[in-house]
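Numbering (the working numbering), first residue to last: 2 to 233. Backbone N, C-alpha and C fix where the C-beta goes; we use that ideal spot for every residue, glycine too. Being a predicted model, the structure only gives us computed values, none of them experimental.
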Amino acid sequence: MSQTDEAATAPRIPLSRDRVLAAAVMLADHEGLDAVSMRRLGQELGVEAMSLYNHVANKEAVLDGMAELVVAEIDLAPPQGDWKSGLRERMLAARDVMYRHPWAPDVLESRVTMTPSLFAYFDSIIGIMRGGGLSLDLIHHSLHALGSRLIGFTQELFDDSDNSEEMDEMAETIMREVADTYPNLVAMMMQISHDEDAILGTAGCDDQFEFVFTVDLLLDGIERLHLAEAVG
Numbered sequence: 002m003s004q005t006d007e008a009a010t011a012p013r014i015p016l017s018r019d020r021v022l023a024a025a026v027m028l029a030d031h032e033g034l035d036a037v038s039m040r041r042l043g044q045e046l047g048v049e050a051m052s053l054y055n056h057v058a059n060k061e062a063v064l065d066g067m068a069e070l071v072v073a074e075i076d077l078a079p080p081q082g083d084w085k086s087g088l089r090e091r092m093l094a095a096r097d098v099m100y101r102h103p104w105a106p107d108v109l110e111s112r113v114t115m116t117p118s119l120f121a122y123f124d125s126i127i128g129i130m131r132g133g134g135l136s137l138d139l140i141h142h143s144l145h146a147l148g149s150r151l152i153g154f155t156q157e158l159f160d161d162s163d164n165s166e167e168m169d170e171m172a173e174t175i176m177r178e179v180a181d182t183y184p185n186l187v188a189m190m191m192q193i194s195h196d197e198d199a200i201l202g203t204a205g206c207d208d209q210f211e212f213v214f215t216v217d218l219l220l221d222g223i224e225r226l227h228l229a230e231a232v233g
């Protein structure tokens with residue numbers, strides 16, 4: 002029997018919700034979130050798009066499922082050390098997952114309901130902090146302060162993700178033109194150096210340094226409040 006005949010007679014893997022969501026995640030990883038559509042998913046899975054609706058209600062349900070799968074990748078193993086190092090470790094683990102799936106922050110920000118994996122994740126975060134003796138009131142305020150960093154990404158005030166030479170030259174021209182009007186802002190934008198290699202001692206990108214810097218800053222503040230709360 003030829004390979005063609007064998008392929009033709011091989012049993013087809015049944016379509017399921019898990020297969021649809023796994024295909025959606027893989028497609029987004031390779032081609033970006035815009036590539037994910039019911040029609041394209043059908044093509045990837047070798048079925049008509051209408052067949053997908055037996056397993057997912059619509060594209061929003063697909064996005065919900067994608068968010069669920071990605072958050073479930075974050076390691077929830079009991080952390081080592083105290084609550085502060087454990088929480089830091091957990092957030093950096095989430096950060097690693099976001100790097101593997103760069104489209105995921107957009108999906109997570111757009112969700113209006115909590116998925117089971119998000120419930121489990123935040124429960125683990127609160128558990129780490131309660132295990133360190135932090136009060137529920139302080140934990141509540143801390144979660145608000147840490148925000149999206151808890152799940153590995155930051156909503157940036159300034160977006161400097163485009164580092165092309167043309168954009169850099171344009172930015173420098175604009176900065177020179179408004180230097181007299183906004184001297185403090187221009188001084189920072191023109192002179193700041195994101196040298197995370199020198200500070201962290203590891204290779205990486207600027208946004209990784211900014212993420213770790215902010216997490217450490219916030220955790221230090223939470224620790225001080227916790228100590229003051231214990232004394233008071």
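Candidates the options: closest to residue i by CA position
| i | options | result |
| --- | --- | --- |
| Asp65 | Leu151, Leu93, Ala25 | Ala25 |
| Ile223 | Lys85, Ala121, Leu109, Asn185 | Lys85 |
| Leu135 | Leu93, Asp83, Val48 | Asp83 |
| Arg40 | Ala23, Asn59, His31 | Asn59 |
| Asp217 | Arg177, Asn185, Leu151, Thr182 | Leu151 |
| Asp19 | Glu32, Val71, Gly33 | Val71 |
| Pro80 | Ala50, Trp104, Gly133, Arg177 | Gly133 |
Same chain only: Cβ atoms within 8 Å of residue i, ignoring 5 sequence neighbours per side
| i | result |
| --- | --- |
| Gly202 | With a pLDDT of 38 at Gly202, under the threshold of 50, the modelled position of this residue cannot be trusted; read the value that follows with caution. Here the set comprises nothing. |
| Glu110 | Ser149, Gln156 |
| Val21 | Leu42, Leu46, Leu53, His56, Val57, Val63, Gly66 |
| Ile237 | The structure shown does not extend to residue 237, since the chain is modelled only from 2 to 233, so the question has no answer here. |
| Leu28 | Ala36, Val37, Arg41, Leu42, Glu45 |
Endpoints, alpha helix (DSSP H) assigned at residue i
| i | result |
| --- | --- |
| Leu22 | 18-32 |
| Val63 | 60-73 |
| Gly47 | Gly47 -> no alpha helix (DSSP H), and no H or E assigned at all. |
| Asp124 | 117-132 |
| Val108 | 105-111 |
| Asp1 | For the chain, the structure presents residues 2 to 233; residue 1 sits outside this window and is missing. |
| His56 | From DSSP, His56 is part of no alpha helix (DSSP H); its letter is neither H nor E. |
| Leu139 | 137-147 |
Cβ-based neighbour list, residue i, same chain, cut-off 7 Å, excluding 5 preceding and 5 following
| i | result |
| --- | --- |
| Arg225 | none |
Supposed close pair residue i, residue j - CB separation, criterion 8 Å
| i | j | result |
| --- | --- | --- |
| Leu220 | Arg91 | Rounded, the Cβ-Cβ distance is 11 Å, inconsistent with contact. |
| Ser118 | Glu69 | 5 Å |
| Leu98 | Ile75 | This sequence places Val at residue 98; Leu is not what is there. Val98 to Ile75, Cβ: 5 Å. Contact. |
| Phe154 | Pro106 | 4 Å |
| Leu77 | Ser125 | 5 Å |
Own chain residues within Cβ distance below 6 Å of residue i, not counting five before or after
| i | result |
| --- | --- |
| Ala231 | none |
Residue i at chain D interface by Cβ criterion, 8 Å
| i | result |
| --- | --- |
| Arg150 | The displayed structure is made up of one protein chain only, and chain D is not part of it. |
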